[in-house]
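Under my numbering, the sequence shown has 208 at position 188, and the numbering climbs by one with no breaks. Every residue, glycine too, gets a C-beta built ideally from N, C-alpha and C. Since the structure is predicted, the reported quantities are computational estimates derived from the model, not experimental observations. So the structure is just underneath, and the comments pick up after that.
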Amino acid sequence: MSANPNPDDGLTGLVPEPSISHTERGWFYVMASMLGIMLATVILTGFTQMLHPVSSVETVDAKTLHLKGEFVENNLGVTRNSDGSVTVRMVAQQYMFAPQCVKVPIATPVHFRLTSADVTHGFFVGETNTNAMVVPGFVTDVSATFHRPAALKMPCDEYCGFGHHGMAARVEVVPQNVFIGLPSDDRGICGAQ
């Protein structure tokens, strides 16, 4: 076996130049198309999520939170619903949550409804997988059920400014009978922190 003894017969083993050019051009168009589709997907997803944040579908006027609507001061805190579940309404603002502490019952669905008065904040309930962004102008609705008594920290986990490190609230999970016996005003008051 030797190399082609007659190099002039066109059987050199090389692909002709026009064929290479055609193949490379084809692959270029395939790759350019894929890149274009991926770029369009990223841009469209970004705009969609900017206009409609994933966990926030209700809107609220962040400038008038304290004046009217669901998040006025006397409506914040814990409310027991007719179906037995509990709703907790909170407002996040630099550098605090209002109210600072809430009591909720064990083994009961708890719906946290939050909004922000100023910048984007994070909402995280320690030792659970309850985590959400709290965006100004939107209502964030997150649900959780707690299965044991505990005092859990709820820090802001989204950088919101110089005082971010100190921004936290607390949820105290209490037995059902204790929760039912609490006057509604005491459901937002916790012991020493």
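For Cys121, the pairing in a beta bridge is given by DSSP as Arg190. The region 113-189 contains, as complete beta strand (DSSP E) runs of 3+ residues, the segments 116-118, 121-125, 129-136, 141-144, 151-154, 158-165, 170-175 (chain order).
Closest in C-alpha terms to Met116, from the list Asp161, Ala52, Asp138, comes Asp138. In the pairwise beta carbon analysis, the region 154-161 is classified as touching the region 124-139: at least three pairs are separated by under 8 Å.
Within the DSSP bridge table, the entry for Thr43 names no partner. In the displayed model, Glu93 falls within a helix according to three-state DSSP. Cβ contact annotation for Arg45 (same chain, cutoff 6 Å, sequence separation greater than five): none. For Gly201, the uninterrupted alpha helix (DSSP H) run begins and ends at 196-201, by DSSP. DSSP places Val80 in the coil class of the three-state scheme, outside both helix and strand. Note on Met110: 16 or more other CB atoms within 10 angstroms of its CB, so buried under the neighbour-count rule. About 15 Å separates the CB atoms of Ala164 and Val194; that is not less than 8 Å, and the two are not in contact. Pairing Cys176 with Gln114 gives a Cβ-Cβ distance that is not under 7 Å.
Under DSSP, Thr107 forms a beta bridge with Thr99, His131.
When rounded, the separation of the alpha-carbon atoms in Leu64 and Ala52 is 18 Å.
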